[in-house]
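Heads up: the structure comes next, in structure tokens.
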Amino acid sequence: MTIDTSAPTRVRPGEIARALADDPDAWVTRVRLSNEGRWYERLHRDEEYEVWLISWLPGQSTGLHDHGGSRGAFAVALGSLEERDLGASRTLGPGELREFGAEHVHEVRNTSAAPAVSVHVYSPPLSTMRRFELTTEGELIQLVEEEAEQW
Numbered sequence: 020m021t022i023d024t025s026a027p028t029r030v031r032p033g034e035i036a037r038a039l040a041d042d043p044d045a046w047v048t049r050v051r052l053s054n055e056g057r058w059y060e061r062l063h064r065d066e067e068y069e070v071w072l073i074s075w076l077p078g079q080s081t082g083l084h085d086h087g088g089s090r091g092a093f094a095v096a097l098g099s100l101e102e103r104d105l106g107a108s109r110t111l112g113p114g115e116l117r118e119f120g121a122e123h124v125h126e127v128r129n130t131s132a133a134p135a136v137s138v139h140v141y142s143p144p145l146s147t148m149r150r151f152e153l154t155t156e157g158e159l160i161q162l163v164e165e166e167a168e169q170w
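Here it is as structure tokens:
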């Protein structure tokens, strides 16, 4: 898939994520696996949105986090991932998509026995990300705020 950046459009993160996840020729040779943590590479960034390719080994997780006011989506390209937000947990397999708004807090993790690959799209591009912990009473506590330059 080639991302057309020639004309401004109303960005639809879900459409971009799904189209790219469904086109492995556009990314499969870039994927790396890392025992140290999730591997990720930014595939595209402009003023409207950015696209990330992420690989996950079994047990790897994001921890609870937000997207600094960006809305977004991710599509599973290979394997399966579990998403946990403050209300529910769901497992997504190849071709499945999860879209979310600017205030969404979630954790994504690979709970399977095999590697997984996903495509993530954020609009506008991420500038910050806050990491959280959930107390046993269900209270969300901010641990840290990261700036985009830290990734």
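Residue numbers (this note's numbering): 20 to 170.
Glycine included, each C-beta is placed from N, C-alpha and C at the ideal position.
Per DSSP, cross-strand counterpart(s) of VAL95: To locate residue 95, count along the sequence shown from 1; it is residue 76. VAL95 pairs with SER137.
Three or more C-beta pairs below 8 Å linking the stretch 114-124 and the stretch 33-46: A contact exists between the stretch 114-124 and the stretch 33-46.
DSSP three-state assignment for GLU115, whether helix, strand or coil: Along the sequence shown, one-based indexing puts residue 115 at 96. Assigned with DSSP and collapsed to three states, GLU115 falls in coil, not helix or strand.
Contact under 8 Å by Cβ, ALA135 with SER108: Counted from its first residue, the sequence shown places residue 135 at position 116. Counted from its first residue, the sequence shown places residue 108 at position 89. No, the pair does not count as a contact, with Cβ atoms beyond the cut-off.
8 Å contact criterion, which ARG128 and GLU101 should meet: CB distance rounded: As a first step, residue 128 must be located in the sequence shown, where it is residue number 109. As a first step, residue 101 must be located in the sequence shown, where it is residue number 82. 5 Å between Cβ atoms; contact.
For GLU34, the first and last residue of its enclosing alpha helix (DSSP H): One-based indexing of the sequence shown puts residue 34 at position 15. Counting along the chain, the unbroken alpha helix (DSSP H) around GLU34 starts and ends at 32-40.
With 16 other Cβ atoms within 10 Å as the buried cut-off, status of ALA40: Numbered from its first residue, the sequence shown carries residue 40 at position 21. The residue is buried, with at least 16 neighbouring Cβ atoms inside 10 Å.
Option nearest GLN161 by Cα separation, candidates PRO144, SER146, LEU153: Start at 1 with the first residue of the sequence shown, and residue 161 comes out as number 142. In this structure, LEU153 is the residue among PRO144, SER146, LEU153 with its C-alpha nearest to the C-alpha of GLN161.
Where the beta strand (DSSP E) through GLU126 begins and ends: Position 107 of the sequence shown, counting from 1, holds the residue named residue 126. Per DSSP, GLU126 belongs to the beta strand (DSSP E) from 125-128.
With 16 other Cβ atoms within 10 Å as the buried cut-off, status of GLY91: In the sequence shown, counting from the first residue as 1, residue 91 sits at position 72. Answer is buried; the Cβ neighbour count reaches 16.
Own chain partners of ASP104 with C-beta closer than 6 Å, once the 5 adjacent residues on each side are dropped: Walking along the sequence shown from the start, residue 104 turns up at place 85. If you ignore the 5 residues before and after ASP104, its C-beta comes within less than 6 Å of the C-beta of HIS125, all in its own chain and listed in chain order.
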